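S.K.: Here it is: the structure, laid out below.
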Amino acid sequence: MQLNDDERAMLDGRDGAAVQRAMDLLVRYGEALGASRLVDTNNVCGTVGATMPFLRDYAATHGGLDAVFSEFNLDSPEVVEVPKAKVFSSHLQQGLDPQHARRQGIDGEIVKLYRQGEAFTGRLGIQPLNTCAPYLTGNVPVRGEHCAWMESSAVIYINAVLGARTNAEGRESTGAAMLTGKIPYWGLHLDENRGGTHLIELDVDVKTVQDWGLLGYYVGECVQDRIPVIDGLRDVPNLPKLKHFGAAAASSGGVEMYHIVGQTPEARTRDEAFRGRKPLETIRYGAAERRIAYERVNTTAKDAQVDFVMLGCPHYSIEQIWEVCQLLEGRRIGTNTELWIFTARATRQLADQAGYTKLIEDAGGVLMTDTCSAIGRVMPKGTRVVALDSAKQAHYLPAIMGVQAWFGTTADCIEAAVSGRWNGGLAA
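Be aware that the sequence shown starts at 118, since it is given in the numbering used here, and climbs by one per residue.
This is the structure:
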């Protein structure tokens, strides 16, 4: 890999042991990928805390958060003192909501570790956005901006919808990027790798958030880690719809970018979306394919009695929280069901000010922040059957938590929270 003078100096230890370890990691990473050089980045989203279940014991037995960062962010065999981040860096979701830790079954020692992590990230200058959707809370990269982001649903959103450039990075590469402002120049950072590969021709209207989740789930299964181009769309999708589409496609497949002809910034025409190349395959998506996607995403669901309704994957926008409040108006969550809604901390503050949080609580629900059930492994004790409006969460939660999962509309989920039973279905 070719390094410039500044990069070589970091690798040689000019800026201290932690930066040296970070540059060494990036060089090894880049060479493994076949990257010829590094590229500057001033927008990094990753995780550095220790509230995730697999890190809690390590932090307690190996010397705290510098040790966690050294091992899990820098791949360093020795503990190094971590300096301030060199570039703008944001923290993604955590393993718990400290305000509702007891309800999530989290003990006080773990909350204490969370608070230590907040102080640690503050010392490093990492912004505590604590969300899987940083673009909802002010981190909105511009077209062509080179970023280093984790979180599959966020990666696909900024690549496709915003036209920014990132690969799906990991904890190690983002940790190293925070300290160096560098990331390997490969994959979706390069123009030639951003063209579409598969054409998806729509033969059915795609209007609701559920429709977009099902389309994403089907497309992800079909194209895996390639780049689909959607054509035939009749309506302009809003942020929640694109958020759910990308999250679903990244979960059922490994999609990191897509194009919508006439909608997304690098697809003014079909020819531009494909960079002048012909599609490898044309896939029709109609009513039958939508039905197939619905049945696949609901494959674990058997029992109609619902214990738990989880909304907010990816984290809910203020618009979606408002929608829930409208659906809950004059109603009450059932005595044997719990409703948890997850959002970013900044969005929660807006909901507090608007009175939405109180409306949800008065109905028997809870608005939580910083995490979700899949990331934190948190749900009400004894949960067997979950209702969700997220195809991504329906894909992962049964495997992670051993539960049955129903996927439907937000209205279906609120109805299940009130009645305790699943009556949702696929609209014609």
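Glycine included, C-beta positions come from ideal geometry on N, C-alpha and C.
Keep in mind that this is a model prediction, so the values were computed, not measured.
Take every Cβ of the segment 462-470, pair it with every Cβ of the segment 529-540, and state whether three or more of those distances are shorter than 8 angstroms.
M.R.: At 8 angstroms Cβ cutoff, the stretches do not touch.
S.K.: List the residues that DSSP assigns as beta-bridge partners of Tyr-433.
M.R.: What you label residue 433 is simply residue 316 of the sequence shown in a count that begins at 1. Beta-bridge pairing links Tyr-433 to Thr-460.
S.K.: Is Val-426 closer than 7 angstroms to Arg-504 when the C-beta atoms are compared?
M.R.: Residue 504 sits at position 387 when you count from the first residue of the sequence shown. Residue 426 sits at position 309 when you count from the first residue of the sequence shown. First, the residue type needs correcting, since residue 504 is Ala and not Arg in the sequence shown. Yes. Within cutoff.
S.K.: Could you check what DSSP says for Ser-369 in three-state terms: helix, strand or coil?
M.R.: The count along the sequence shown starts at 1 and reaches residue 369 at position 252. It is helical.
S.K.: Classify Gly-542 as buried or exposed, calling it buried when 16 or more other Cβ atoms lie within 10 Å of its own Cβ.
M.R.: Stepping through the sequence shown from its first residue, residue 542 is reached at position 425. It is exposed - the Cβ of Gly-542 has fewer than 16 other Cβ atoms within 10 Å.
S.K.: Need the endpoints of the alpha helix (DSSP H) that Lys-79 sits in, please.
M.R.: No answer is possible for residue 79: the residues shown for the chain start at 118 and end at 545.
S.K.: Trp-523 to Tyr-411, Cα distance in whole Å?
M.R.: The sequence position of residue 523 within the sequence shown is 406, counting from 1. The sequence position of residue 411 within the sequence shown is 294, counting from 1. For Trp-523 and Tyr-411, the distance between alpha carbons rounds to 10 angstroms.
S.K.: In this structure, does DSSP put Leu-316 in helix, strand or coil?
M.R.: The residue labelled residue 316 in the question sits at position 199 within the sequence shown. Here Leu-316 sits in strand by DSSP.
S.K.: Please confirm whether Gly-525 has its beta-carbon closer than 7 angstroms to some beta-carbon of chain D.
M.R.: Absence of chain D from the displayed structure is noted, only one protein chain being present.
S.K.: Can you confirm whether the segment 262-282 touches the segment 173-186 when touching is taken to mean that 3 or more C-beta pairs between the two stretches lie within less than 8 angstroms?
M.R.: Segments in contact, no.
S.K.: Could you check the C-alpha separation between Thr-314 and Gly-287 for me, to the nearest Å?
M.R.: For this step, residue 314 is matched to residue 197 along the sequence shown. For this step, residue 287 is matched to residue 170 along the sequence shown. Roughly 25 angstroms between the two C-alpha positions.
S.K.: Evaluate the contact criterion for the segment 356-373 versus the segment 508-523: three or more CB pairs, one atom per stretch, below 8 angstroms.
M.R.: Yes: the two stretches touch, three or more of their Cβ pairs being nearer than 8 angstroms.
S.K.: Identify every residue that forms a DSSP beta bridge with Glu-398.
M.R.: Here residue 398 refers to the residue found at position 281 of the sequence shown. DSSP lists His-315 as partners of Glu-398.
S.K.: Residues in the same chain with beta-carbon distance under 8 angstroms from Lys-324, minus the five sequence neighbours each way, listed in chain order, please.
M.R.: Working through the sequence shown from its first residue, we reach residue 324 at position 207. Only Asp-352 meet the Cβ criterion.
S.K.: Say whether the segment 295-303 touches the segment 326-333, bearing in mind that this needs 3 or more beta-carbon pairs closer than 8 angstroms, one atom from each stretch.
M.R.: Flag = no, the segment 295-303 and the segment 326-333 do not touch.
S.K.: Kindly list the residues whose CB is nearer than 6 angstroms to the CB of Ile-347, restricted to its own chain and excluding five residues on each side of it in sequence; keep chain order.
M.R.: The residue labelled residue 347 in the question sits at position 230 within the sequence shown. These residues qualify, in order along the chain: Ile-317, Ile-377.
S.K.: Would the beta-carbon of Gly-304 fall within 7 angstroms of that of Asn-284?
M.R.: Start at 1 with the first residue of the sequence shown, and residue 304 comes out as number 187. Start at 1 with the first residue of the sequence shown, and residue 284 comes out as number 167. Yes, the pair counts as a contact, with Cβ atoms nearer than the cut-off.
S.K.: Please identify the residue among Leu-307, Asp-342, Pro-200 whose C-alpha is closest to the C-alpha of Ala-134.
M.R.: For the purposes of this step, residue 134 is identified with residue 17 of the sequence shown, where counting begins at 1. Of the listed residues, the one whose Cα sits closest to Ala-134 is Pro-200.
S.K.: Looking at C-alpha atoms only, which residue of Thr-416, Glu-309, Cys-162 is the closest neighbour of Arg-394?
M.R.: Working through the sequence shown from its first residue, we reach residue 394 at position 277. Ranking the options by Cα distance to Arg-394, first place goes to Glu-309.
S.K.: Nearest CA to the CA of Gln-221: which residue from Gly-499, Val-414, Arg-131?
M.R.: On the sequence shown, position 104 is the one that residue 221 refers to. Per the Cα distances, Gly-499.
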